[in-house]
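J.: In order, the protein sequence lines correspond to chains D and Z.
Per my numbering, residue 1 is the first one in the first sequence, and the count goes up by one each step.
Per my numbering, residue 229 is the first one in the second sequence, and the count goes up by one each step.
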Amino acid sequence: MNSKQRIVSIMLRGGILACAWAVIAAAPALAVAADNTPPPAAPAPAAAAPGADAVAATSAPPAGAAASPGAPLPDAPAADFKTLDQEVQSMKKDVIDLNKDLFVLQEELLFPANTQVAVYVSMDVGAFFALDSVTLKIDNKEVKNYLYTAREAEALLKGGVQEIYLGNLKVGKHELVAFFTGKGPVEREYKRGATLTFDKGVGAKYLELKITDRVTKHQPEFKIKDWD
Amino acid sequence: MSKTLFACGFALGALLAVAAPGVATPAALPTLIGKEAPDFVLKSMDGKNLRLSEYRGQVVLVNFWARWAGDSRQEMPALDRINATYHRAGLVVLGVSVDEDLRRAHEFAEAMKVGYPILFDTTSNIGRDYLLQKMPMTILVDRSGVVRYANIGFKRGDDRAYLDKIRELLRE
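1. Is Z/Gln302 near the ligand FAD, going by C-beta to nearest heavy atom under 7 Å?
2. Give the residues from the stretch 142 to 171 of chain D that approach chain Z closer than 7 Å (Cβ to any Cβ), ordered along the chain.
3. I'd like to know if Z/Asn379 contacts chain D, where contact means its C-beta is closer than 8 Å to some C-beta of that chain.
4. In terms of alpha-carbon separation, which member of D/Val88, D/Leu147 and D/Val104 lies closest to D/Ala130?
5. Nearest CA to the CA of D/Ala204: which residue from D/Ala79, D/Gln106, D/Thr115 and D/Gln89?
6. Give the DSSP-derived three-state secondary structure of Z/Gly355 in the structure shown.
7. Measuring only the C-alpha atoms, how far is Z/Asp387 from Z/Glu400?
8. Under 7 Å, CB to CB, which of the residues in the stretch 87 to 102 of chain D have a partner in chain Z?
9. Residues of chain D with CB under 8 Å from Z/Glu282, in chain order?
10. Does any CB atom of chain Z fall closer than 8 Å to the CB of D/Asn36?
11. With DSSP collapsed to three states, give me the class of D/Asn145.
12. Once you ignore the five residues that flank Z/Gln286 on each side, which residues in its own chain have a CB closer than 8 Å to its CB?
13. To be precise: take each residue of the stretch 263 to 283 of chain Z, compare its Cβ to all Cβ atoms of chain D, and keep it if any distance is under 7 Å. Which residues remain?
14. With a CB to CB cut of under 8 Å and the five nearest residues on each side skipped, what residues in its chain are close to Z/Ile261?
15. Indicate whether at least one CB of chain A lies closer than 8 Å to the CB of D/Arg13.
16. Which residues does DSSP pair with Z/Gln302 in a beta bridge?
17. Am I right that Z/Asp299 and Z/Gly381 are in contact with their C-beta atoms under 8 Å? What's the rounded C-beta distance?
18. Use the C-beta contact count for D/Asn145: other C-beta atoms within 10 angstroms, 16 or more gives buried, fewer gives exposed.
19. Express the C-alpha separation of D/Lys200 and D/Pro170 in angstroms, rounding to a whole number.
20. Using C-beta distances below 7 Å, list every residue in its chain close to Z/Gly343, excluding the 5 sequence neighbours before and after it, in chain order.
21. Label D/Val104 either buried or exposed according to how many other C-beta atoms from any shown protein chain fall within 10 Å of its C-beta, with 16 as the threshold for buried.
22. Going by DSSP, which residues form a beta bridge with D/Gln219?
23. Secondary structure at D/Leu207, three-state DSSP: helix, strand or coil?
24. Can you name the residues that DSSP bridges to D/Asp199?
25. Starting from Z/Tyr390, trace the alpha helix (DSSP H) both ways and give me its first and last residue.
26. Identify, in the order they occur along the chain, each residue of the same chain with its Cβ nearer than 8 Å to the Cβ of D/Ile164, setting aside the five sequence neighbours on each side.
27. Which same chain residues, not among the five before or five after Z/Ile346, have their C-beta less than 6 Å away from its C-beta?
28. Have a look at D/Arg188 and D/His218 and give me their C-alpha separation to the nearest angstrom.
29. Name the chain Z residues that come within less than 9 Å of D/Asp228, Cβ to Cβ?
30. D/Glu142: buried (16+ other C-beta within 10 angstroms of its C-beta) or exposed?
31. Identify whether Z/Ala265 lies in helix, strand or coil by the three-state DSSP scheme.
32. Spatial neighbours of D/Thr197 within its chain, please: CB distance less than 6 Å, with the 5 preceding and 5 following residues excluded, ordered by chain position.
33. For Z/Met340 and Z/Met365, I'd like the C-alpha separation in whole angstroms.
34. Is the beta carbon of D/Ile211 less than 8 Å from the beta carbon of D/Gly159?
35. Is the Cβ of D/Asp132 closer than 8 Å to any Cβ of chain Z?
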């Protein structure tokens, strides 16, 4: 199925779901309205007296009416509710399926594999640097500014890798600049940058911002790694 | 894009369906009550970054204030007293300044001498997410991260209403 067909299919399914939803929403109101409608008056037997006629009409239904094939069965409302419940369940399933399709389509449309660029952050050791924030610029345009809480920084120190940015780029040369702020050695305010010029080809591009310790200089080191 | 298309289809279907007699849809109210509190991460006065979602499991009172809003001056000491009493019971109070002038907001916060964390939103993004219309505004977020109560402005007796709601949420 191509994209156009999928779009039309999604629109149709949305419309059908909306109609079904409206019908189901209106069902209880319609049922109440039907209950409130007075039933048509049964013809009184000609031989009976007027007083006995009234008693018979209120106390028991006429035998002919109960036996007629068109009369509703006593368990009919329960069966109706069961059917309605089944319809609701089936609609719920449809919504879940549709949501899944939408998610897949959204991923394909928003982040097509051939223009996708993903940037990750990792930390190694971190004895000389306590991470506070990362600012990302791609082609001189700020695309992300992320503040790290103590828990998030700790998770990175324990080996976690964070996807900080996911976006799209055209094929060609691009420049990524990352600014790292935090506390450096001896609790000093620390701000450093790292730059990488990379070629975006056909296919996804993965870049990693690596924060490591340079033990010989007692300083942190910031690198951008291009995962080809 | 796919969501927009789906929304178009849904809206079209809904329009057709609603056009039928006897079917009506309730208008949506512009409030956050009953919805998940929009997450934020902000720098606090002591330099730490705090994220709202990291307090999931606790009852959180978020007070949006501005130094130019006179009611904030009355509300903050009341919130400080509530924080002092209920912090150990699992309540977290966060003050969020929406002042654009960071330096003056810092000065104001220091002068108020409150014991709970004060955060600074200079971008106005959080104000937009929380539909802020008037200052101060206070919201209560339950243990599952859902906004359960909101109060715009502050007048005498509002702190009692906060206490009632806080006790109710702490019991859940």
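Each residue gets a CB set at the ideal place from its N, CA and C atoms; glycine is no exception.
T.: So, from the listed chains and residues:
1. Looking at this structure, you won't find the ligand FAD or any other ligand, since it has none at all.
2. Going along the stretch 142 to 171 of chain D in chain order, one finds Leu147, Tyr148, Thr149, Ala150 and Arg151 with a Cβ nearer than 7 Å to chain Z.
3. Translated into the one-based positions of the second sequence, residue 379 of chain Z becomes position 151. So no, Z/Asn379 is outside the interface.
4. Looking up residue 130 of chain D in the first sequence gives position 130. Closest by alpha carbon: D/Leu147.
5. Numbered from 1 along the first sequence, position 204 holds the residue referred to as residue 204 of chain D. Residue D/Thr115 is the option with its Cα nearest to D/Ala204.
6. Here residue 355 of chain Z refers to the residue found at position 127 of the second sequence. In the structure shown, Z/Gly355 adopts helical secondary structure according to DSSP, grouped into three states.
7. Reading the second sequence from its first residue, position 159 is the one you call residue 387 of chain Z. Reading the second sequence from its first residue, position 172 is the one you call residue 400 of chain Z. Spanning the two alpha carbons is a distance of roughly 20 Å.
8. So the close ones are Leu102.
9. By one-based count along the second sequence, residue 282 of chain Z stands at place 54. Within chain D, the residues placing a beta-carbon under 8 Å from that of Z/Glu282 are Thr149 and Arg151, ordered along the chain.
10. The residue labelled residue 36 of chain D in the question sits at position 36 within the first sequence. Interpretation of D/Asn36 is limited by its pLDDT of 44, a score under 50 that renders its predicted location unreliable; no figure is taken from the coordinates.
11. Taking the first residue of the first sequence as position 1, residue 145 of chain D is located at position 145. The answer is strand: DSSP assigns D/Asn145 an E or B state.
12. Numbered from its first residue, the second sequence carries residue 286 of chain Z at position 58. Closer than 8 Å at the Cβ level, and outside the excluded window around Z/Gln286, lie Gly318, Leu319, Val320 and Arg371.
13. Cβ proximity to chain D below 7 Å picks out Val269, Lys271, Lys276, Asn277, Leu278, Arg279 and Glu282 from the stretch 263 to 283 of chain Z.
14. Position 33 of the second sequence, counted from the first residue, corresponds to residue 261 of chain Z. Around Z/Ile261: Val375, Arg376, Tyr377 and Ala378.
15. Annotation note: the requested chain A is absent from the structure, which comprises protein chains D and Z.
16. Here residue 302 of chain Z refers to the residue found at position 74 when the second sequence is read from its first residue. Bridge partners of Z/Gln302: none, in fact.
17. Counting from one through the second sequence, the residue named residue 299 of chain Z turns up at place 71. Counting from one through the second sequence, the residue named residue 381 of chain Z turns up at place 153. Contact between Z/Asp299 and Z/Gly381 holds, since their C-beta atoms are separated by about 6 Å, short of 8 Å.
18. Taking the first residue of the first sequence as position 1, residue 145 of chain D is located at position 145. Answer is exposed; the Cβ neighbour count stays below 16.
19. In the first sequence, counting from the first residue as 1, residue 170 of chain D sits at position 170. In the first sequence, counting from the first residue as 1, residue 200 of chain D sits at position 200. It should be noted that the sequence gives Lys, not Pro, for residue 170 of chain D. So the alpha carbons of these two residues sit roughly 7 Å apart.
20. For the purposes of this step, residue 343 of chain Z is taken as residue 115 along the second sequence, with counting starting at 1. So the list reads Asp308, Asn311 and Ala312, once near-sequence residues are dropped.
21. Position 104 of the first sequence, counted from the start, is the residue given in the question as residue 104 of chain D. Counting the other Cβ atoms within 10 Å of the Cβ of D/Val104 gives fewer than 16, which makes it exposed.
22. Walking along the first sequence from the start, residue 219 of chain D turns up at place 219. Paired residue(s): D/Arg214.
23. As a first step, residue 207 of chain D must be located in the first sequence, where it is residue number 207. When secondary structure is reduced to three states using DSSP, D/Leu207 falls in the strand class.
24. For the purposes of this step, residue 199 of chain D is taken as the residue at position 199 of the first sequence. Paired residue(s): D/Lys173.
25. Residue mapping note: residue 390 of chain Z aligns to position 162 of the second sequence, counting from 1. Counting along the chain, the alpha helix (DSSP H) containing Z/Tyr390 begins and ends at Asp386 to Arg399.
26. Position 164 of the first sequence, counted from the start, is the residue given in the question as residue 164 of chain D. So the list reads Val119, Tyr120, Val121, Val134, Leu136, Lys144, Tyr146 and Leu209, once near-sequence residues are dropped.
27. As a first step, residue 346 of chain Z is located in the second sequence; it is residue number 118 there, counting from the start. Counting only Cβ-Cβ distances below 6 Å, and skipping sequence neighbours, we find Met273, Gly323 and Ala337.
28. The sequence position of residue 188 of chain D within the first sequence is 188, counting from 1. The sequence position of residue 218 of chain D within the first sequence is 218, counting from 1. Going from the Cα of D/Arg188 to the Cα of D/His218 covers about 13 Å.
29. Taking the first sequence and counting its residues from 1, one reaches residue 228 of chain D at position 228. Here the premise fails: no neighbours, minimum Cβ distance about 30 Å.
30. Reading the first sequence from its first residue, position 142 is the one you call residue 142 of chain D. So D/Glu142 ends up on the exposed side.
31. Translated into positions along the second sequence, residue 265 of chain Z becomes position 37. In this structure, Z/Ala265 counts as coil in the three-state DSSP scheme.
32. Position 197 of the first sequence holds residue 197 of chain D. Excluding sequence neighbours, D/Thr197 sits near Glu175.
33. By one-based count along the second sequence, residue 340 of chain Z stands at place 112. By one-based count along the second sequence, residue 365 of chain Z stands at place 137. Between Z/Met340 and Z/Met365, the alpha-carbon positions lie close to 17 Å from each other.
34. For this step, residue 211 of chain D is matched to residue 211 along the first sequence. For this step, residue 159 of chain D is matched to residue 159 along the first sequence. Cβ atoms of D/Ile211 and D/Gly159: not closer than 8 Å.
35. Locating residue 132 of chain D in the first sequence gives position 132, where the first residue counts as 1. Chain Z, which has a Cβ nearer than 8 Å to the Cβ of D/Asp132, makes this yes.
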